[in-house]
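A quick write-up on the structure given underneath.
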Amino acid sequence: MPENWDYTLQIPNDLRAVPICRRTLRLILTMHGLVGLVDTAELLATELVSNAVLHTKGPAALRVRRSAEGTVWIGAWDADPEPPRPPEPLERVGEQEDGRGLGLVVACATYWGWMPSARFGERGKYVWCELAAA
220 MPENWDYTLQ
230 IPNDLRAVPI
240 CRRTLRLILT
250 MHGLVGLVDT
260 AELLATELVS
270 NAVLHTKGPA
280 ALRVRRSAEG
290 TVWIGAWDAD
300 PEPPRPPEPL
310 ERVGEQEDGR
320 GLGLVVACAT
330 YWGWMPSARF
340 GERGKYVWCE
350 LAAA
């Protein structure tokens with residue numbers, strides 16, 4: 220049975236936090252022997268954390284956890300309680316500069332979702348996705 224673990228990285232509302240989260244996630248997955256998930260997980264975390272930093276004004280957090288069943292969850296919390304805009308199908312956004320982040324999450328993750336969540340004394344939301352760790 221796979222081990223379960225849970226990491227949370229609190230981040231400021233700063234675009235420099237995005238590559239920090241990506242590199243931290245790579246290190247976590249590599250150290251836990253999940254190198255095969257790194258590229259997809261980095262893409263998904265980048266989209267989730269970028270949305271949290273770009274579209275809100277407060278603090279944010281990256282959470283990465285693995286269940287005893289082997290599922291890897293990646294999520295970003297932000298200080299805006301409003302739900303994310305529904306994802307656009309990737310073929311509809313084409314070469315646009317923005318608007319495809321959650322579409323990539325939908326295309327690459329096994330599941331995704333969001334829920335209201337409070338952290339750091341602030342209301343907000345948690346947007347997550349999961350990957351099956353084969």
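Residue numbers for the sequence shown follow this note's numbering, beginning at 220 and rising by one.
Ideal placement from N, C-alpha and C gives every residue a C-beta, glycine not left out.
Checklist entry - Beta carbon of C327, beta carbon of L281: below 8 Å? => result No.
Are the CB atoms of P302 and K344 within a distance shorter than 8 Å?
Yes.
Note to self: Check for me: the beta strand (DSSP E) holding V360 runs from which residue to which?
What the structure shows: Outside the displayed range of the chain (220 to 353) lies residue 360, so it cannot be described from this structure.
Report buried or exposed for V174, applying the criterion of at least 16 other Cβ atoms within 10 angstroms of its Cβ. The question about residue 174 has no answer here: the residues shown for the chain are numbered 220 through 353.
Practice task
Out of A287, H274 and S286, point me to the one whose CA is closest to V346's CA.
Solution key: Nearest option by C-alpha distance: H274.
Can you grab the Cα-Cα spacing for the pair D225 / V283, in whole Å?
Each residue's Cα considered, the two are about 6 Å apart.
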